[in-house]
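This report refers to the structure that appears directly beneath it.
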Amino acid sequence: MSDPVLDLRDIRKSYGTSEALAGISLAMQEGEFVGLLGPNGAGKSTMFQIIAGLFAPDAGSVRLFGLDHASNGPRILARLGVVFQARSVDLDISVVANLRFHGRLFGLSGSDLAGRIEALCTRFNLDDLRNRPVRTLSGGQQRRVEIARALINEPDLLIMDEPSAGLDASSRRDLVSHVRDLARTEKVAVLWATHLVDEVGDADRIVIIDHGRIRANDTPAALLDETDAEDLTDVYERILQRRPGDAEPG
1 MSDPVLDLRD IRKSYGTSEA LAGISLAMQE GEFVGLLGPN GAGKSTMFQI
51 IAGLFAPDAG SVRLFGLDHA SNGPRILARL GVVFQARSVD LDISVVANLR
101 FHGRLFGLSG SDLAGRIEAL CTRFNLDDLR NRPVRTLSGG QQRRVEIARA
151 LINEPDLLIM DEPSAGLDAS SRRDLVSHVR DLARTEKVAV LWATHLVDEV
201 GDADRIVIID HGRIRANDTP AALLDETDAE DLTDVYERIL QRRPGDAEPG
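First residue of the sequence shown: 1, per full-length UniProt numbering; consecutive thereafter.
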């Protein structure tokens with residue numbers, strides 16, 4: 001078997017006396033869609049910042065595609081797509097200008113870059129919006145631009161931190177569908193962090209994190225069976241009610 005696209009082992013991170021991550025381990029394979037559930041402050045964003053190489057862990061091992069950030073940062077970033085919770089596109093330039101600028105950061109140019117922009121605009125229903133300033137788009141449309149931008153380098157791993165924040169229910173469903181399709185058809189591994197259980201009901205695996213610890217890591221069906229819950233919302237609530245020292249599934 002090839003190296004996992006993501007392999008976190010016993011990751012710890014503290015800010016002063018506050019422990020954000022208390023020894024988490026998580027591995028993902030090509031094409032997996034993994035839902036990362038947890039309440040606000042559970043450690044999801046810190047995990048994403050470490051995966052993206054923005055912060056180094058205090059302890060533990062972080063490997064992407066079999067590589068570590070310390071000596072292979074550029075090679076990792078070339079294969080990684082990131083969508084953070086906060087908006088990061090330039091609101092005052094067009095959709096195409098955003099995609100073109102980001103593509104050039106990866107050394108893309110000419111017909112190769114133009115072809116990728118064309119394909120992404122079509123995939124994410126941005127053709128009619130391509131020349132509009134991003135500021136004039138709806139929240140759901142802006143999110144689609146951010147995802148398209150994160151995919152300009154054709155990443156093998158896409159990490160998304162609360163990507164549906166601020167979107168209405170219809171836009172959230174469309175966004176989940178777009179990204180789930182990427183995992184199925186393009187074999188992109190997707191780590192989708194959220195506190196909304198319905199967004200990851202169709203995930204290959206669900207990971208539940210709370211107080212910097214992974215409390216569950218298994219398929220939706222296995223978690224339903226293990227907790228004897230009625231649905232995934234019930235699974236989530238039951239696992240969060242456990243004491244941290246209780247046995248974990250997965």
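Quick reminder that beta carbons are idealized off the backbone N, C-alpha and C, glycines included.
DSSP places ILE93 in the coil class of the three-state scheme, outside both helix and strand. A straight line joining the alpha-carbon of GLY43 with that of PRO155 spans about 24 Å. The beta carbon of LEU196 lies closer than 8 Å to those of SER164 and ARG172 in the same chain, with the five residues before and after it left out. Beta-bridge analysis with DSSP links PHE33 to VAL190. Nearest C-alpha to GLY53 among ARG180, ARG123 and ARG79: ARG79. Burial state of ASP210 is buried, judged by a 10 Å Cβ sphere holding 16 or more other Cβ atoms. With 16 or more other Cβ atoms from the protein chains shown falling within 10 Å of its own Cβ, PRO220 counts as buried.
C-alpha of VAL96 to C-alpha of LEU105: approximately 14 Å in a straight line. Distances from the alpha-carbon of VAL188 to those of GLY31, THR136 and GLU162 put GLY31 closest. Here the alpha carbon of ASP181 sits roughly 14 Å from the alpha carbon of ARG144. Annotation: the continuous beta strand (DSSP E) that includes GLY81 extends over 80 to 83. For GLU19, the enclosing beta strand (DSSP E) has its first and last residue at 18 to 28.
When the beta-carbon positions are compared, ARG213 and ALA22 come within less than 8 Å of each other.
In this structure, the beta-carbon distance from LEU91 to GLY103 does not fall below 8 Å.
Taking every protein chain shown into account, the CB of ASP231 has fewer than 16 other CB atoms within 10 angstroms, so this residue is exposed.
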